[in-house]
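Heads up: the structure comes next, in structure tokens.
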Amino acid sequence: MYSIGDLARRTGVKVPTIRYYEDVGLLAPADRTEGNQRRYEPAALERLAFIRHGRDLGLSIEAIRDLIALSDHPESPCARADAIAAEHLAHVRQKIAQLKRLEGELARIVAACDAGHTAGDCSVLRALSDHGLCDGEHDGAALGNASLVRAAG
Numbered sequence: 040m041y042s043i044g045d046l047a048r049r050t051g052v053k054v055p056t057i058r059y060y061e062d063v064g065l066l067a068p069a070d071r072t073e074g075n076q077r078r079y080e081p082a083a084l085e086r087l088a089f090i091r092h093g094r095d096l097g098l099s100i101e102a103i104r105d106l107i108a109l110s111d112h113p114e115s116p117c118a119r120a121d122a123i124a125a126e127h128l129a130h131v132r133q134k135i136a137q138l139k140r141l142e143g144e145l146a147r148i149v150a151a152c153d154a155g156h157t158a159g160d161c162s163v164l165r166a167l168s169d170h171g172l173c174d175g176e177h178d179g180a181a182l183g184n185a186s187l188v189r190a191a192g
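Numbering (this note's numbering), first residue to last: 40 to 192.
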């Protein structure tokens, strides 16, 4: 039996996230001690590692839920798992294409600035003020991950 802290240390998943996964049904509710502490079976460690790996790959909670349901029925066909993975791959490729457009536009904006001007003559600030100065579409906000957009800027 594992405590929630044990699971967190072994999987790298934070305790509040483990509780969340339990609350949303991805992880079976833990048994409780007389002191009301959670105690997890070894299967919970395996399940949590599965969830963590899926999240590391960028899969949604719903996709992981579907994949867990499939893994709980090993006799079922894997066509749905293949479809989930293929759909996610297409989404990742779309994000990569968006990031490449974003990278190209940012590189163009940076290259246009010689850093010898005042803020009033700054080509970076002008480009941010007037989308018409951009070469094309590069909607970084559509990536759905603000940290990627912040990291790129």
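The C-beta atom is built at its ideal place from N, Cα and C for all residues, glycine as well.
This one's a predicted model, so the numbers in the text were calculated from it and none came from an experiment.
Take every Cβ of the segment 138 to 156, pair it with every Cβ of the segment 106 to 126, and state whether three or more of those distances are shorter than 8 angstroms. Proximity of the segment 138 to 156 to the segment 106 to 126 falls short of the contact definition, fewer than three beta-carbon pairs being nearer than 8 angstroms.
Do three or more CB pairs link the segment 98 to 106 to the segment 69 to 81 at distances below 8 angstroms? Between the segment 98 to 106 and the segment 69 to 81 there are fewer than three inter-stretch CB-CB distances shorter than 8 angstroms, so the stretches are not counted as touching.
I'd like to confirm the pairing. Which residues does DSSP put opposite Arg77 in its beta bridges? Residue pairing of Arg77 in beta bridges, as defined by DSSP: Arg71.
Please state whether the Cβ-Cβ distance between Cys152 and Ser168 is less than 8 angstroms. With contacts defined by Cβ atoms closer than 8 angstroms, Cys152 and Ser168 do not form a contacting pair.
Can you list, in chain order, the residues of its chain with a C-beta nearer than 8 angstroms to that of His156? Leave out the 5 residues immediately preceding and following it. Counting only Cβ-Cβ distances below 8 angstroms, and skipping sequence neighbours, we find Ser162.
7 angstroms CB neighbourhood of Ala154 in its chain, flanking five on each side removed: Closer than 7 angstroms at the Cβ level, and outside the excluded window around Ala154, lies no residue.
On a CA-only basis, which of Glu61, Val52 and Ala69 is nearest Arg91? Give me that one, please. That would be Val52, whose Cα lies nearest to the Cα of Arg91.
Exposure of Leu128, with buried meaning 16 or more beta-carbon neighbours within 10 Å: Exposed.
7 angstroms Cβ shell around Asp105 - same chain, five flanking residues per side excluded: The answer, listed in chain order, is Arg119 and Ile123.
Under 8 angstroms Cβ to Cβ from Ile65, same chain only, skipping five residues before and after it: list those, please. In the sequence under discussion, the amino acid at residue 65 is Leu, which differs from the Ile named in the question. Once the five neighbours on either side are set aside, the close Cβ partners of Leu65 are Arg86, Ile90, Ile100, Ile103, Arg104 and Ile107.
Within the segment 124 to 184, ranges of the alpha helix (DSSP H) (whole runs, at least 4 residues): Fully enclosed alpha helix (DSSP H) runs of 4 or longer: 162 to 168.
Would Tyr79 pass as a contact of Ala69 if the rule is Cβ separation under 8 angstroms? A contact, by the Cβ cut-off of 8 angstroms.
Leu172 burial status per 10 Å Cβ neighbour count (16 or more: buried): Burial call: exposed.
Could you tell me whether the Cβ atoms of Gly97 and Val131 are closer together than 8 angstroms? Yes, Cβ-Cβ distance for Gly97 and Val131 is below 8 angstroms.
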